[in-house]
Ligand SMILES: [Zn+2]
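In the numbering used here, the protein residues as written are 166 to 385.
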């Protein structure tokens, strides 16, 4: 299995091809599909939003078997999402987890609407999503100089991604163990609907050189 830094490089290169309109044409070849019947070894785990405009395989120009993708509205982290990440990381040895939010996320907009006194959802199920998003957005809005307008939406999207990253880093004994022992890396990112660019929140290779994530597994 490739390490987290290599996996991140692969995602960055794929996104660059996607943005440049140079996506690979053989993404869904039947040969590759048949090859994978025997087993999979996805090199990255992506926790992304269900939004129809943010398909992980396409924006990273990856094929069958490359990405283990979990999609849920608002890229929230509830127990089943933690369990899915735990499953892939321990079963396949995948070393990189990316939580990917996106600009103009409907789940974030719905949460902001509710916090600003707008309509509240009557559905308990829908509320369970908004309730997961709300704490980080509330923190943002209760600051000394809370952002407003487009800035508020942008900051809320990023705060929500960071909350999900923190939850994955610290909300699971198994993942904490993998982070310490195998240098599993959990990073946040934001996809821009407008440009197609994925902006990773941390410059991981630099951080790895500085020892911020523990370099042992990263250079293996
Ligand atoms: Zn969304």
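From the three backbone atoms N, C-alpha and C, an ideal C-beta is built for every residue, glycine too.
If you're wondering where the values come from, they're calculated on a predicted model, not measured in any experiment.
Taking 7 Å as the cut-off, the Cβ atoms of residue 213 and residue 355 do not count as close. From the listed residues 349, 288, 304, the smallest Cα separation to residue 171 is found for 349. Per the Cβ contact rule, the region 293-309 is not in contact with the region 208-224 (fewer than 3 Cβ pairs under 8 Å). Distance from the CA of residue 218 to the CA of residue 278, rounded to the nearest whole angstrom, comes to 22 Å.
Listed as beta-bridge partners of residue 265 by DSSP are 213, 354.
For residue 364, DSSP records a beta bridge to 355.
Remark: C-beta atoms of residue 358 and residue 269 approach each other more closely than 7 Å.
DSSP links residue 236 through a beta bridge to 213.
For residue 315, the distance from the CB to the nearest heavy atom of ligand 1 is not below 6 Å. For residue 219, the three-state secondary structure derived from DSSP is coil. Taking the Cβ of residue 216 as the reference point, at least one heavy atom of ligand 1 falls within a distance shorter than 6 Å.
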